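What follows is a set of notes on a single structure, which appears directly below.
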Amino acid sequence: KAGLWTYDPGFMATAPVESKITYIDGEKGELLHRGYAIDELASNAEYLEVCYALLYGDLPNAEQKQAFYERVSNHMAVHDQLRKFFEGFRRDAHPMAIMVGVVGALSAFYHNHLDISDPKHRDNTAVDLIAKVPTLAAMSYKYSIGEPFMYPRKDFSYAENFLYMMFATPGEPDYKVDPVLVKAMDKIFTLHADHEQNASTSTVRLAGSTGANPYACIAAGIVALWGPSHGGANEAVLEMLDEIGSVDKVEEFMEKVKRKEVKLMGFGHRVYRNFDPRAKVMKETCDEVLGALGINDPKLELAMKLEQIALNDPYFVERKLYPNVDFYSGIILKAIGIPTSMFTVIFALARTVGWISHWTEMHSEAFKIGRPRQRYTGETHRKFVPLNERK
Ligand code: SDX
């Protein structure tokens with residue numbers, strides 16, 4: 037009897053996750069990290085300051101900032117043996133596939149002496165991951181283009197080091213990174229740092245709730261982020277703009293969207309029923325970077341036309357579909373010189389601090405193993421049928 041097999045999940049459903057890290061108001065389009073508004077952080081703080089706040093609860097003072105920056109800088113280099121791990125991949129492997137493998141492999145380097153019940157070990161792991169992901173991300177790109185890996189430099193800032201490891205070669209000892217690109221990269225990292233209980237963060241928390249190795253938990257977060265409905269959308273936005281081709285083809289594309297043949301990538305959100313505040317900052321940054329670099333990218337004009345049509349079209353207005361963090365990010369990344377294949381890797385690099393902050397928060401309090409509830413809608417109990425009696 038069906039009634040026998042359903043239950044009211046109300047009393048059995050797991051309570052919502054409690055967290056002090058990030059607050060989102062989807063109706064108002066508000067995003068706070070430790071109480072600070074995302075637009076204020078993106079305009080006034082460096083990414084590593086935001087990392088400090090996400091991890092420890094508040095922005096660092098001058099002394100704390102100096103010490104944290106040094107700790108990160110001292111951990112950016114990776115074990116030389118890890119370089120061999122890359123050689124197992126085909127050169128055309130997607131960099132996200134490489135990141136899943138390599139970050140997961142870090143759990144094999146730091147498993148025997150890692151005691152996650154020790155807050156010091158947990159903190160060292162968090163700083164180690166924040167420090168190493170830019171190096172591993174740059175290595176995944178260098179491997180794909182057949183260039184030698186570059187080592188991080190002690191005299192470079194975090195975002196500067198990442199762009200240096202991405203684009204410099206051993207033959208350019210005096211390679212300088214354009215400060216405009218460094219500032220834009222740092223701001224993009226901040227805009228992707230954390231976003232409450234999104235799919236990938238929930239994945240990290242669920243994996244972490246079993247007591248699994250934290251490096252392996254972050255690899256699980258990278259897997260979840262890779263999907264085009266989540267972090268893979270920034271790459272999908274550029275592919276969509278390429279498919280549309282020109283402004284005069286926008287109306288035709290929008291009709292395909294309304295017939296539900298395709299989605300408007302970079303639009304819509306599980307929580308925001310208003311503008312994603314990150315999209316606003318991203319668009320301003322887009323204008324700044326392209327202006328400073330003197331780039332007139334037709335894709336930006338196309339994206340703005342798409343946005344303008346969508347924001348005035350009842351189909352989108354009724355469904356409260358607005359641009360999200362992924363809509364403009366790809367255009368800036370392209371202007372910085374980042375290949376499309378690396379867009380989601382950048383998202384994973386920046387979100388590592390959010391993932392490990394939530395993992396740390398969970399482990400610093402009493403917690404139970406995660407167990408999402410289900411509503412059973414299958415067959416009621418029935419008698420076994422021997423093979424020779426089955427129809
Ligand atoms: C991220 O959770 C997070 O916080 C994620 C993230 C983070 O920082 O971690 O913010 C990062 O993942 C941003 C989202 C990136 N994804 C994309 O841009 C892909 C395109 N977006 C869609 O796939 C979609 O909007 C989702 C997956 C983001 C949300 O899907 P939902 O929750 O199903 O959307 P909804 O319930 O608001 O949909 C309402 C209606 C539906 O149509 P109807 O059934 O009512 O007719 O809007 C439609 C949907 O089909 N719709 C879209 C659409 N998104 C929703 N129609 C066209 N294009 C879209 N993008």
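Residues 37 to 427, numbered by full-length UniProt numbering, are exactly what the sequence shown covers, in order. Glycine included, C-beta positions come from ideal geometry on N, C-alpha and C. Since we're looking at a predicted model, the values are computed, not measured.
My assumption, with CB atoms under 8 Å, is that residue i sits in contact with residue j. Please give the rounded CB distance.
i, j, result
"residue 268", "residue 380", "5 Å"
"residue 339", "residue 311", "That belief does not hold up - the Cβ atoms of residue 339 and residue 311 are roughly 15 Å apart, past 8 Å."
"residue 119", "residue 180", "The Cβ separation is near 14 Å, so there is no contact."
"residue 167", "residue 112", "5 Å"
"residue 198", "residue 170", "4 Å"
"residue 138", "residue 121", "6 Å"
"residue 261", "residue 383", "6 Å"
"residue 297", "residue 55", "Residue 297 to residue 55, Cβ: 38 Å. No contact."
"residue 295", "residue 63", "Not really, about 29 Å apart at Cβ, beyond 8 Å."
"residue 216", "residue 325", "6 Å"
"residue 306", "residue 74", "17 Å between Cβ atoms; not a contact."
"residue 394", "residue 229", "Not a contact, Cβ separation roughly 12 Å."
"residue 213", "residue 232", "That pair is no contact at about 32 Å."
"residue 114", "residue 172", "7 Å"
"residue 85", "residue 96", "6 Å"
"residue 177", "residue 131", "6 Å"
"residue 152", "residue 399", "6 Å"
"residue 293", "residue 299", "7 Å"
"residue 357", "residue 303", "5 Å"
Going by DSSP, what residue range makes up the beta strand (DSSP E) through residue i?
i, result
"residue 69", "66-69"
"residue 230", "Looking at the DSSP string, residue 230 is not in any beta strand (DSSP E), and its letter there is neither H nor E."
"residue 58", "58-61"
Where do the N-terminal and C-terminal ends of the alpha helix (DSSP H) with residue i fall, by residue?
i, result
"residue 352", "350-354"
"residue 365", "362-372"
"residue 137", "131-145"
"residue 119", "118-122"
"residue 327", "313-329"
"residue 431", "Any property of residue 431 remains undetermined from this structure, which presents the chain solely from 37 to 427."
"residue 378", "Counting along the chain, residue 378 falls outside any alpha helix (DSSP H), and DSSP gives it neither H nor E."
"residue 288", "286-294"
"residue 251", "250-262"
"residue 297", "Unbroken run through residue 297: none, as it is neither H nor E."
"residue 278", "269-280"
"residue 404", "Residue 404 -> no alpha helix (DSSP H), and no H or E assigned at all."
"residue 343", "334-347"
"residue 80", "74-80"
"residue 9", "Nothing about residue 9 can be read from this structure; the chain reaches only from 37 to 427."
Would you say the segment 215-234 touches the segment 311-323, given that touching needs at least three Cβ pairs under 8 Å? A contact between stretches requires three or more CB pairs, one per stretch, nearer than 8 Å, and the segment 215-234 meets this requirement with the segment 311-323.
Is the segment 382-396 close to the segment 344-358, with three or more CB pairs under 8 Å? The segment 382-396 vs the segment 344-358: no contact.
Count the CB pairs spanning the segment 353-370 and the segment 241-254 that are closer than 8 Å, and state whether there are at least three. These segments do not touch.
At a cut of 8 Å, does the segment 237-248 reach the segment 394-408 through at least three beta carbon pairs? Result yes; three or more Cβ-Cβ pairs closer than 8 Å.
Counting only runs that start and end within the segment 159-244, where is the alpha helix (DSSP H) found for 4 or more residues in a row? Runs found: 194-203, 215-227, 235-244.
Are three or more beta carbon pairs between the segment 194-213 and the segment 351-361 nearer than 8 Å? In short, these stretches do not touch, since the Cβ pair count stays below three.
Indicate whether the contact test is met: 3 or more Cβ pairs, each with one atom in the segment 100-110 and one in the segment 142-157, closer than 8 Å. The answer is no - the segment 142-157 does not touch the segment 100-110, with fewer than three Cβ pairs under 8 Å.
Report yes or no: do three or more beta-carbon pairs, one from the segment 326-341 and one from the segment 277-285, lie closer than 8 Å? Verdict: yes, contact present.
Okay, do the segment 183-191 and the segment 144-163 touch, 3+ Cβ pairs below 8 Å being the bar? No, because fewer than three Cβ pairs between the segment 183-191 and the segment 144-163 fall closer than 8 Å, the two stretches do not touch.
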